[in-house]
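What follows is a set of notes on a single structure, which appears directly below.
Protein chains: 2
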Amino acid sequence: MTISMYSATVPVFQHMLRNLSHILDKAVANAEARKYDPSVLTTYRLAPDMLPFTRQVLIACDAVKNGAARVAGVEPPKFEDNESTFPELKARIQKTLDFLATLKPESLDGTEDKDITFPVGKDTRTMKAQAYLLTWVMPNMFFHITTAYAILRHNGVDLGKRDYLVGANA
Amino acid sequence: MTISMYSATVPVFQHMLRNLSHILDKAVANAEARKYDPSVLTTYRLAPDMLPFTRQVLIACDAVKNGAARVAGVEPPKFEDNESTFPELKARIQKTLDFLATLKPESLDGTEDKDITFPVGKDTRTMKAQAYLLTWVMPNMFFHITTAYAILRHNGVDLGKRDYLVGANA
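Structure (structure tokens):
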């Protein structure tokens, strides 16, 4: 099959969100085994001016939800951002996966040169859809998933890169 | 332009390696301003059983060098992995960029369903080229670049996500 805007992006988003959900399972298991409060992890930051774990997960989810929706020209669901526990974060990932599953390949395929205007802080930025998905949305998703992973590893959760790369099949 | 195996991957690798090089510049500037030995950063690990900063950079470089070369069917250059300073790491990134610049789009385009066999620890794994580049090579590159970034942020280097997303144009 020839690569397409859909196949180069949405399945990658889905794959990585599933792996993130698996990583969350390992965090919960670690907190149970070592008998500490899981909120130590969900509120943890790698630096005082970095976002805590919960926000890393929410932003990873929203990056792909809003990014794919903008290119597909559909209205994405909006969520309240009130998740604070691991089960709530897992549900948020699942809601994001549920939305991605509704996207039709034909709504993204052929959009390579479509102008996409999106908010960046208080400003907006416009990029062609291919550049937007591959050099903005995708790097954003990977950034926040990897930062979430790093927070857990820094706190001694027994994860390896295979958990990140292949998830529950690790 | 219709998306292709080349355009979906190699320009993204190049973009992110350039941003990584820019991030290294900011680390050097921080060490100079705060008058500490830059090797504190290059040897830093986020967990005792994680790889240090230098290795994060080298693996990010090798992930894309070897990954793109395998799909293109060309022999990648081999490097000695003896870099330890920021200038050496920047040179390694540049050598990787120089190699990526030699890849011809036509050597990657059309390879979607080509079987790629690659080493994973002591084993090998085989994936179709599209899945290999997008769900193995790309996640690996982003993982190591983001982990390098996280090590610097954890140590107080003044970076923001725009440095990671847009590099020297931040």
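From first to last, the protein sequence lines stand for chains A and B.
Position one of the first sequence corresponds to residue 111 (this note's numbering), numbered consecutively onward.
Position one of the second sequence corresponds to residue 111 (this note's numbering), numbered consecutively onward.
Each residue gets a CB set at the ideal place from its N, CA and C atoms; glycine is no exception.
Taking the Cβ atom as the reference point for each residue, do residue i and residue j lie within a distance shorter than 8 Å?
| i | j | result |
| --- | --- | --- |
| Met126 of chain B | Ile113 of chain A | no |
| Gly183 of chain A | Ser131 of chain A | no |
| Leu210 of chain B | Ala118 of chain A | no |
| Val267 of chain A | Asn140 of chain A | yes |
| Leu207 of chain B | Ala178 of chain B | no |
| Leu156 of chain B | Arg263 of chain A | yes |
| Gln124 of chain B | His254 of chain B | no |
| Asp223 of chain A | Thr236 of chain A | no |
| Thr256 of chain A | Thr164 of chain B | no |
| Asn279 of chain B | Tyr154 of chain B | no |
What is the C-beta distance between residue i and residue j, in whole angstroms, given that I count them as a contact (C-beta under 8 Å)?
| i | j | result |
| --- | --- | --- |
| Leu275 of chain B | Trp246 of chain A | 7 Å |
| Arg144 of chain B | Leu168 of chain B | The pair is not a contact, with the Cβ atoms about 25 Å apart (cut-off 8 Å). |
| Met251 of chain A | Ala173 of chain A | 5 Å |
| Pro148 of chain B | Phe196 of chain B | 6 Å |
| Ala239 of chain B | Val181 of chain B | 5 Å |
| Pro186 of chain A | Asn176 of chain A | 5 Å |
| Asp273 of chain A | Ile133 of chain A | 6 Å |
Which class does residue i belong to by DSSP, given the choice of helix, strand or coil?
| i | result |
| --- | --- |
| Lys232 of chain B | coil |
| Lys214 of chain A | coil |
| Lys136 of chain A | helix |
| Asp225 of chain A | strand |
| Lys238 of chain A | strand |
| Lys200 of chain A | helix |
| Ala173 of chain B | helix |
| Pro121 of chain A | helix |
| Gly277 of chain B | helix |
| Val150 of chain B | helix |
| Lys271 of chain B | helix |
| Phe209 of chain A | helix |
| Met115 of chain B | coil |
| Thr256 of chain A | helix |
| Asn265 of chain A | coil |
| Leu195 of chain A | In the sequence under discussion, the amino acid at residue 195 of chain A is Thr, which differs from the Leu named in the question. Note: Thr195 of chain A maps to coil in three-state DSSP. |
| Leu161 of chain A | coil |
| Pro249 of chain A | helix |
| Leu168 of chain A | helix |
| Glu142 of chain A | helix |
| Val184 of chain B | coil |
| Arg128 of chain A | helix |
| Leu156 of chain A | coil |
With 16 as the cutoff for other CB atoms within 10 Å, does residue i come out buried or exposed?
| i | result |
| --- | --- |
| Ala258 of chain B | buried |
| Met248 of chain B | buried |
| Thr227 of chain B | exposed |
| Ala170 of chain A | buried |
| Val230 of chain B | exposed |
| Glu190 of chain B | exposed |
| Leu242 of chain B | The amino acid occupying residue 242 of chain B in the given sequence is Tyr; Leu does not appear at that position. Tyr242 of chain B should be labelled buried. |
| Thr234 of chain A | exposed |
| Glu193 of chain B | buried |
Does the beta-carbon of residue i, which I'm using as the reference point, lie nearer than 7 Å to any heavy atom of the ligand ADP?
| i | result |
| --- | --- |
| Asp147 of chain A | You won't find the ligand ADP in this model; it holds no ligand whatsoever. |
Of all Cβ atoms in chain D, is any one closer than 8 Å to the Cβ of residue i?
| i | result |
| --- | --- |
| Met237 of chain A | Among the chains of the structure shown, chain D does not appear; the protein chains present are A and B. |
Review point. Taking Cβ-Cβ distances below 9 Å as the criterion, which residues of the segment 129-157 of chain B are in contact with chain A?
Key: Residues of the segment 129-157 of chain B with a C-beta atom less than 9 Å from some C-beta of chain A are Asn129, Leu156 and Ala157, listed in chain order.
Practice item. Taking only beta carbons into account, state which residues of the segment 242-265 of chain B come closer than 9 Å to chain A, listed in chain order. Key: Leu244, Thr245, Trp246, Met248, Pro249, Asn250, Met251, Phe252, Phe253, His254, Ile255, Thr256, Thr257, Tyr259, Ala260, Ile261, Arg263, His264 and Asn265
Practice item. With 9 Å as the limit, tell me which residues of the segment 204-216 of chain A have their beta carbon closer than that to any beta carbon of chain B; keep them in chain order. Key: none
Check your understanding: What residues from the segment 159-193 of chain A come within 7 Å of chain B, judged by C-beta to C-beta, listed N to C?
Key -> Taking 7 Å as the upper bound on Cβ-Cβ separation, chain B lies near residues Met160 of the segment 159-193 of chain A.
Practice item. Closer than 9 Å, Cβ to Cβ, to anything on chain B: give me those residues from the segment 116-130 of chain A, in chain order. Key: Ser117, Ala118, Thr119, Pro121, Val122, His125, Met126 and Asn129
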